[in-house]
Amino acid sequence: MPLPPAPTQRASRLTQAAFASSGAEEENAPAMIQVETKSLKSVAVSEEAAVPVRAQDSKRNARPRKPAAASADTATATRSERQTSPGSGLEKANTAAKPGSAQATANRSKRKNGPKKLFVLDTNVLMHDPMSLFRFEEHDVFLPMIVLEELDGHKKGMTEVARNARQASRSLDVLASGQGEDLSQGSPLSVTGHSDATGQLFFQTQALDLSLPLALPQGKADNQILGVVKALGQLHAPREVVLVSKDINMRVKARALGLQAEDYQNDKTLEDGDLLYPGSLALPADFWVKNGKTVESWQQGTHTFYRIAGPIVPSLFINQFVYFEAPGEPSLYARVTEIRGKTAVLRTLKDFGHQKNAVWGVTARNREQNFAVNLLTDPDIDFVTLAGTAGTGKTLMALAAGLTQVLDDRRYTEIIMTRATVSVGEDIGFLPGTEEEKMGPWMGALDDNLEFLAKGDGGNSGEWGRAATNELIKSRIKIKSMNFMRGRTFMNKYVIIDEAQNLTPKQMKTLITRAGPGTKIICMGNLAQIDTPYLTEGSSGLTYAVDRFKGWAHGGHITLARGERSRLADFASDAL
């Protein structure tokens, strides 16, 4: 009788099919199952080791066979003994499903084996994010014909919407021509290399019964899309058909017609602006009571370092600020500089609230401002984000820190300042002059803060001294427009991006990637004052940058809480 094939891996067991293929008789199958349940040492790895096993099989076949139920119980007991025995290391290794194993793959596939939805995309979704076709994982995507017509109408021009329309059209062309099959059968979304998109793209290839209430005009594109959604829901029932649109009124109309409608959520970094990473964390009141005996401390230069452990460590990020304030106890203000395993290292801060540490004559007036100036003056921090309401001192601190490091420390060669040119009200038309002159009306905040900083620096030098100081400061500050940033590289520059809440994530990426060697970028903004249409607190470029850079060793963020402009401005921010 021919022998079964040798196992391909060590510690693997031969199956019943392997014995059956070697010419074994059907009546010997129960005995072979018993052999399979024995110790792994009795399983053959080579032909020489397989001979004794076959001899034992022949002896067992001579005995009266046990009932099938008893054999199954014996096999189960034998497996459980192997798994619980202390010396069977190989058996224990096989009991757990590794991340790359077949069992883990099966578990992942089970999670995606639910009912697949059919998402109908509105035109504004493709023009907002041309890669939205590939963001729906295992679900299918349907495009009505009117969507292609609207894409064609918006593809001309140099605006961001036109560029997105052209990119979406190119992706659709690849998907439609890649397979060469009937489009009514669908095109796999994964053919373009997006492995996460395992669904299919369907185009509208036939007329559908667009039955809508008479109150809705039939010629409007939005109403035609609603008709397609309703027809697909009836055609593919009970499958879920969901409309995805950035248009709020269209989603309201769809729900009024009994259709499912959702907003496009993939562009949102956060669901709620209140969940934004604040950059600081208050230590609990009993922190020193619980951790006082285990904290290690040492002195290095002017800073004191603390090594802490405990349940608070997993919630910390690199360059996050921690503070301890309690009545009758010394306060602690520190920054996380290292996280290793279950321990974290804190480093005390420089007190910029004291007049001897003033930065270009400016001192920090509250805790968060002190945190911000520590980030702005640290040469190891390349990227700083500052968020806060009006009057918290974002622009003033950024300019003061920049002038100190450009004129006094000579760390950077000049200050470059730019901002998103989004007007609050009606546009006043074209502005005359050069690029810097055109940006002048947008830089009123810069002029106001420079006037304050120049007074503080040259207060005792007379009118001529103040004029010279103003000329020196203005010679080191360059005002640039964001429209001409593509392709530039800033080396040894101190870059300030003001009103960053009005930037999209794509624009934010364009600006940050301009940084060359030795450049520091500061992004400032107030998420409560977004003027760009279709941007929210969750989808703003400032929120995107804060969330992506948190925990990076050379980046930091702080949310400024208290306004220091005036009591009138503080009351207006809260009451209006």
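Quick note: the sequence shown uses the numbering used here, first residue 185, plus one each step.
The beta-carbon is built from N, C-alpha and C at its ideal position, and this holds for glycine as well.
Excluding sequence positions up to five away, which residues of its chain have a Cβ less than 7 Å from the Cβ of Ser242?
-> Caution is warranted here: a pLDDT of 39 is assigned to Ser242, below 50, making its placement in the model unreliable, and no coordinate value can be reported.
Just the C-alpha distance for Gly572 and Phe555, rounded to the nearest angstrom, thanks.
-> 13 Å
Is DSSP giving Lys734 helix, strand or coil here?
-> coil
Report buried or exposed for Gln402, applying the criterion of at least 16 other Cβ atoms within 10 angstroms of its Cβ.
-> exposed
What is the DSSP secondary structure of Leu744, counted as helix, strand or coil?
-> strand
Taking all protein chains shown into account, do 16 or more other C-beta atoms lie within 10 angstroms of the C-beta of Ser515, making it buried, or fewer, making it exposed?
-> exposed
With C-beta atoms as the reference, is Ser802 less than 8 Å away from Thr389?
-> This structure cannot speak to residue 802, because the chain is shown only from 185 to 760.
Alpha-carbon spacing of Val557 relative to Gly442, whole angstroms | 54 Å
Does the separation of the CB atoms of Ala684 and Gly709 fall below 8 Å?
-> yes
Is Ala582 near Ile742, with beta carbons less than 8 Å apart?
-> no
Mind checking Glu446: buried by the 16 CB within 10 Å criterion, or exposed?
-> exposed
Cβ atoms of Val506 and Leu530: under 8 Å apart, would you say?
-> yes
Return the residue from the list Lys430, Ala438 and Phe387 that minimises the CA-CA distance to Gly411.
-> Ala438
Using alpha carbons as the reference points, say which of Val436, Glu334 and Phe536 lies closest to Leu559.
-> Phe536
What residue does the beta strand (DSSP E) around Glu509 start on, and which one ends it?
-> That residue, Glu509, is in no beta strand (DSSP E); it is neither H nor E in DSSP.
Beta carbon of Thr527 nearer than 8 Å to that of Tyr517 = no
CA-CA distance, Gln589 and Asp564?
-> 13 Å
Cβ pair count under 8 Å reaching 3, the segment 700-707 against the segment 653-668 | no
Going along the chain, which unbroken runs of the alpha helix (DSSP H) with 4 or more residues stay wholly within the segment 674-732?
-> The segment 674-732 contains these whole alpha helix (DSSP H) runs: 689-696.
Give a yes or no on whether the C-beta atoms belonging to Gly725 and Met692 are separated by under 8 Å.
-> yes
Cutoff 6 Å; reference Gly617; Cβ partners in own chain excluding five residues on either side = none
Cβ pair count under 8 Å reaching 3, the segment 304-318 against the segment 336-352 | yes
Flag this pair as yes or no: are the beta carbons of Gln449 and Glu424 separated by less than 8 Å?
-> no
Contained alpha helix (DSSP H) runs [length at least 4] in the segment 438-466, N- to C-terminal order | Here no run is fully enclosed.
Decide if Asn433 is buried, meaning its Cβ has at least 16 other Cβ atoms within 10 Å, or exposed.
-> exposed
Are Val520 and Phe501 touching if we call contact CB-CB under 8 Å?
-> yes
Proximity to Arg698 [Cα-Cα], best of Phe636, Lys477 and Asp566 | Comparing Cα positions, the closest option is Asp566.
Give the single residue among Trp648, Arg603, Tyr678 and Arg672 whose Cα lies nearest to the Cα of Tyr596.
-> Distance check between Tyr596 and each of Trp648, Arg603, Tyr678 and Arg672 places Tyr678 closest, using alpha-carbon atoms only.
When Leu587, Ala629 and Met623 are compared against Gly577, the one with the closest alpha-carbon | Ala629
Going by DSSP, what residues sit across from Ile657 in a beta bridge?
-> None; Ile657 has no bridge partner.
Sheet register partners of Gln778 (DSSP bridge) | This structure does not reach residue 778, given that the chain is present from 185 up to 760, and the question cannot be answered.
Exposed or buried, what is Val473 when buried is set at 16 or more other beta-carbons lying within 10 Å of its beta-carbon?
-> It counts as exposed.
Please go through the segment 374-433 and give each complete beta strand (DSSP E) segment of 3 or more residues, from N-terminal end onward.
-> 384-387 and 425-428
Cβ distance (whole Å) where Leu396 is taken to contact Val304 below 8 Å | 15 Å between Cβ atoms; not a contact.
Exposed or buried, Trp482, counting other C-beta atoms within 10 Å across all chains shown (16 or more means buried)?
-> exposed
Taking Leu332 as the reference, give the member of Leu302, Phe318 and Phe386 with the closest Cα.
-> Phe386
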